[in-house]
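Residues in the sequence shown are numbered from 0 upward in steps of one, following numbering that gives the first Met the number 0. The block underneath contains the structure these notes are about, expressed in structure tokens.
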Amino acid sequence: MPVDLNDTAARLGVPVEDVERVHRLAGDLPSAPLPAKADAPALLDRLAVRPDDAAEIMAGWPDPGSPLWPPELRWLLDRSIALVRADLGGYGWLSPGPALPRERGPAWRHLYVYAYLALVGVVTGYHREHGIAEAVSWVTLADLGRNLAIDRRMHREGWPVMQSWLTLHARGGIYELGRLQHHRGGGAIDLHIPDSGPMTPEAVAASLDEARAFFPRHFPDE
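This is the structure:
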């Protein structure tokens, strides 16, 4: 059924240009299912999501028929997943969709978290194809919980940037190796410092040494 993009944008409370972008990039490309709701608490724990954030995410879960999820919100979730999945293996900056009016409730506040959860199985499959250890996968993906905690400390003002940042993790574009995050790029590796404790010269050197072995092994063509 064709989507009325103007009506969808109005109902979402976002510029129509943002909805047109999602529609253009996602098209009819395949999405990915969310994990079973019963499995979600364990997954959120593995992704280092704090209990207060996890409780909100579970409260807004996109159950079939939930009144928290009007059709336009379900459409955006499905197409956002497809948009990010289509760029699996990419490492450029990618917005998963428009910044939503998060005060409308947990479904609106955490829509891109649900998209991230749906993509966990996709990106860990990509990691396995590249021979990346499961431990690296999970410590990398656990940046979700860290970013949710930072956003909470920032009084919910940090998420518009974080929702794009986390598409790097969901596409296999960034890896946490020891103290640093290493972001794949066109001929160079960008470094990021996660909010995870003290920085020491020894920890930085160890992370750089690990990266020097990691990227030629798992991405030999880059």
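The beta carbon of each residue, even a glycine, is placed where N, CA and C say it ideally should be. All values reported here derive from a predicted model rather than from experimental measurement.
Can you round the beta-carbon distance between residue i and residue j to whole angstroms, since I take them to be within the 8 Å contact cut?
i    : j    : result
V48  : L167 : At roughly 18 Å, the Cβ-Cβ gap does not stay under 8 Å, so V48 and L167 are not in contact.
P97  : R10  : Not quite, the Cβ-Cβ distance comes to about 12 Å (not below 8 Å), so this is no contact.
P251 : G59  : Absent from the structure is residue 251, since the part of the chain shown begins at 0 and ends at 221.
F218 : H129 : 7 Å
V112 : I56  : 6 Å
A25  : V18  : Going by Cβ atoms, the distance from A25 to V18 rounds to 11 Å, so no, they are not a contact pair.
L33  : P63  : Actually they do not touch by this definition, with Cβ atoms about 11 Å apart.
L75  : V21  : 7 Å
S195 : R145 : 7 Å
E209 : L176 : 4 Å
Using the Cβ count rule (16 or more neighbours within 10 Å means buried), how would you classify residue i?
i    : result
D150 : buried
T139 : buried
N5   : exposed
S136 : buried
If you follow the beta strand (DSSP E) that residue i is part of, which residue opens it and which one closes it?
i    : result
H168 : Careful: H168 lies outside any beta strand (DSSP E), inside the alpha helix (DSSP H) at W158 to R170.
E175 : I173 to L176
L179 : L179 to H182
L67  : Counting along the chain, L67 falls outside any beta strand (DSSP E), and DSSP gives it neither H nor E.
D189 : D189 to H191
Tell me whether the beta-carbon of residue i lies closer than 9 Å to the beta-carbon of residue j.
i    : j    : result
Y115 : H182 : no
R84  : S30  : yes
R178 : P193 : yes
L99  : L28  : no
H191 : I173 : yes
A53  : L118 : no
I45  : A134 : The amino acid occupying residue 45 in the given sequence is Arg; Ile does not appear at that position. No, the Cβ-Cβ distance between R45 and A134 is not below 9 Å.
R101 : W158 : yes
L165 : L110 : no
Y125 : L87  : yes
Q162 : P95  : yes
Between which two residues does the alpha helix (DSSP H) harbouring residue i extend?
i    : result
A217 : This sequence places His at residue 217; Ala is not what is there. Segment P200 to H217, the alpha helix (DSSP H) holding H217.
L126 : Note on residue identity: the sequence assigns His, not Leu, to residue 126. L110 to E128 is the extent of the alpha helix (DSSP H) around H126.
D17  : V15 to A25
L11  : L4 to L11
D150 : D142 to R152
D44  : A39 to R45
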